[in-house]
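To convert, note that position 12 of the sequence shown is 12 in the working numbering; the numbers rise steadily by one, no gaps. For every residue, glycine included, the Cβ atom is placed at its ideal position computed from N, Cα and C. These numbers were taken from a predicted model, which means no experiment stands behind them. Below: the structure, in structure tokens.
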Amino acid sequence: MAGGGIGPVGVAKERAQQYKGSVTPFVVMACVTAAIGGSIFGYDIGISGGVTSMDPFLEKFFPVVYRKKNLGSKNNYCKYDNQGLSAFTSSLYLAGLVASLFASPVTRKYGRRASIICGGISFLVGATLNAAAQNLTMLLLGRIMLGVGIGFGNQAVPLYLSEMAPAHLRGALNMMFQLATTLGIFTANMINYGTGKINPWGWRLSLGLAAVPAFLMTVGGFFLPETPNSLIERGLEEKGRRVLEKIRGTHDVDAEFQDMVEASELANSIKHPFRNIMERRNRPQLVMAVFMPTFQILTGINSILFYAPVLFQSMGFGNNASLYSSVMTGAVLASSTLVSIATVDRWGRKVLLIGGGIQMIICQVIVAVILGVKFGNDKQLSKEFSIIVVVIICLFVAAFGWSWGPLGWTVPSEIFPLETRSAGQSITVSVNLFFTFAIAQSFLSLLCSFKFGIFLFFAGWITIMTVFVIVFLPETKGVPIEEMILLWRKHWFWKKVMPPLQVESESRGTGVGMADVREL
């Protein structure tokens with residue numbers, strides 16, 4: 001908006017103490033249905049590692065890797081080093097990166113439900129193509145369609161969960177996405193363990209079963225209510241209030257509704273959210289949207305989840321033993337996420353991120369030392385040290401499961417004001433998928449080159465991200481999502497970065513607004 005006078009400035013004062021309502025069965029069912037999107041994401045992460053270790057799959061699509069694996073390789077770390085095999089895993093995430101950029105305007109203009117439905121349909125198409133694949137082109141096309149589904153699903157689902165949840169339980173309900181993701185990984189590992197014994201078409205069953213949660217997500221999407229934030233942003237204030245009253249279980253929602261209306265007025269005055277998000281007043285959220293997903297991937301967790309069977313086979317485990325070990329890591333990841341759900345709104349985000357980071361560093365260093373001393377080109381791990389490695393990797397996965405796993409999605413999804421929320425989530429998803437693609441494509445080559453040093457490489461990054469959280473991340477526990485913008489002005493560092501409120505309002509072209517009057 002141009003001109004002087006009072007213009008939309010977003011949430012002008014804190015009303016958190018006036019929020020009423022509680023978790024209703026309605027909001028729980030809506031969040032459970034939406035979180036199915038996370039189970040598909042997890043299933044696709046977990047299924048690729050098991051499938052790429054199956055001989056019938058390798059023989060059909062990657063015969064070079066199949067011969068190298070079965071004829072023996074002098075270098076234990078390089079058995080699976082093949083760019084084509086890496087592309088099978090990574091193509092999904094590159095497609096997701098591109099799709100997430102298109103998903104942002106869809107999510108903003110047509111609502112969170114629209115993106116969830118688009119994601120579900122894309123998943124269905126991708127699963128069908130993969131199950132029926134007759135050549136590498138068809139296989140990769142199916143992975144690309146799955147990637148489109150991930151781009152839309154990961155854009156919409158975390159936003160949906162954050163906006164539906166009451167402020168005091170937003171962290172726990174938002175983690176439904178991560179819990180579903182970990183359960184998807186565990187389910188994929190269990191299915192791989194069973195289908196690995198079905199020759200020669202077990203891999204088709206593994207890939208095709210992704211259609212089950214995709215179908216549930218698509219059908220559920222048609223029955224989900226739209227979030228009140230999205231309805232109000234699109235001018236449907238009366239409908240938005242009715243939904244808000246229904247999900248909070250009370251008619252006394254004036255304070256929360258007013259926050260949403262103020263936020264939507266500003267959101268609708270912003271015509272170019274991606275340009276707006278680059279402004280100085282949005283600098284803290286932009287930094288978090290880039291670094292939180294970057295650091296989440298640089299923990300090295302996806303290397304273990306993607307290639308767990310391959311990694312364990314490289315370390316001398318047999319086919320069944322490697323799949324069994326990956327099932328264990330999947331189970332640990334799923335169960336550890338429950339710890340985060342139970343504690344995130346009591347202990348806060350920072351405590352979990354810092355504690356998880358320290359535990360992951362210790363685990364990565366121990367694995368690197370064991371492999372460096374006891375494993376190499378001409379050495380296999382003894383049974384005793386193999387067990388120790390699996391235990392330490394499980395402890396690493398557990399630390400990720402109750403810290404950076406869920407919170408890498410939760411924190412970015414809850415910190416943006418409404419006017420840049422879809423754009424911010426799009427950046428978060430794009431950055432996550434870019435680094436997921438990069439690690440998926442390069443890990444087997446890095447393992448071949450770095451050998452045991454790959455674990456020290458990731459330990460170094462975890463050290464950096466732990467320091468980052470200590471210094472730059474404010475605690476967001478219990479802060480209403482539409483009042484999150486006020487939090488940054490209280491942080492010792494970000495209050496120096498953000499412009500004065502008067503400058504902020506003028507930068508929007510709105511003249512002197514409510515926030516300026518309060519500041520002056």
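At the level of alpha carbons, what is the spacing between residue i and residue j?
i, j, result
"I301", "L395", "12 angstroms"
"V106", "W404", "28 angstroms"
"A131", "L205", "7 angstroms"
"M46", "N70", "Note that residue 46 corresponds to Gly in the displayed sequence, not to Met. If I take the Cα positions, the gap works out to 23 angstroms."
"G547", "G49", "Here the chain has residues from 1 to 520 only, and residue 547 is not among them."
"E475", "V391", "32 angstroms"
"L444", "I427", "27 angstroms"
"I304", "T24", "37 angstroms"
"V212", "L97", "24 angstroms"
"V369", "Q359", "16 angstroms"
"A384", "A114", "In the sequence on display, residue 384 carries Glu and not Ala. Their Cα atoms are separated by approximately 52 angstroms."
"L136", "S39", "26 angstroms"
"L141", "S53", "20 angstroms"
"V32", "S335", "17 angstroms"
"G153", "G111", "12 angstroms"
"S100", "S430", "6 angstroms"
"F41", "E245", "31 angstroms"
"I454", "F435", "16 angstroms"
"V521", "W461", "Here the chain covers residues 1 to 520 and nothing more, so residue 521 does not appear."
"V373", "K68", "25 angstroms"
"F274", "E414", "17 angstroms"
"D345", "I361", "25 angstroms"
"T463", "A398", "17 angstroms"
"L209", "E483", "42 angstroms"
"V125", "L216", "14 angstroms"
"S386", "A172", "35 angstroms"
"I277", "F312", "43 angstroms"
"I439", "A167", "35 angstroms"
"D44", "I388", "28 angstroms"
"V367", "T337", "23 angstroms"
"Y77", "L473", "38 angstroms"
"R248", "V27", "8 angstroms"
"A423", "I198", "45 angstroms"
Buried or exposed: which applies to residue i, given that a residue is buried once 16 or more other Cβ atoms fall within 10 Å of its Cβ?
i, result
"S382", "exposed"
"I150", "buried"
"P158", "buried"
"M576", "There is simply no residue 576 to check, as the chain begins at 1 and stops at 520 in what is shown."
"K451", "buried"
"K79", "buried"
"Q134", "exposed"
"V64", "exposed"
"F295", "buried"
"P500", "exposed"
"T250", "exposed"
"S230", "buried"
"G421", "Here the sequence assigns Arg to residue 421, which means Gly is not the residue at that position. Result: buried."
"S22", "exposed"
"D254", "exposed"
Is residue i helix, strand or coil by DSSP?
i, result
"M278", "coil"
"Q359", "helix"
"E226", "coil"
"K271", "coil"
"E504", "In this prediction, E504 scores a pLDDT of 46, lower than 50, which makes its location untrustworthy; no coordinate-derived value is stated."
"A12", "Because the pLDDT of A12 is 47, which lies under 50, any placement of that residue in the model is unreliable, and the question is left without a value."
"N302", "helix"
"G249", "coil"
"T33", "helix"
"T24", "coil"
"D345", "helix"
"L240", "Note that residue 240 is Gly in the sequence shown here, rather than Leu. G240: helix per DSSP, three-state reduction."
"G38", "helix"
"W494", "helix"
"P105", "helix"
"I6", "Note that I6 has pLDDT 32, beneath the 50 cutoff, so the model's placement of it is unreliable and the number below is only indicative. Reduced to three states, the DSSP call for I6 is coil."
"A210", "coil"
"G221", "helix"
"R112", "helix"
"G235", "coil"
Nearest chain D C-beta to residue i closer than 8 angstroms, yes or no?
i, result
"I301", "The displayed structure is made up of one protein chain only, and chain D is not part of it."
Exercise for review: Any chance you could list the alpha helix (DSSP H) runs of at least 4 consecutive residues sitting entirely within the region 393–479, in chain order?
Suggested key: 404–415, 418–450 and 453–472
Exercise for review: Pick out the complete alpha helix (DSSP H) segments inside the region 120–208, 4 residues or longer, and give them in chain order.
Suggested key: 136–164, 170–174, 176–195 and 202–208, all fully within the region 120–208.
**Study point:** Length at least 4, wholly inside the region 44–79: the alpha helix (DSSP H) runs in chain order
**Key:** 55–61 and 63–71
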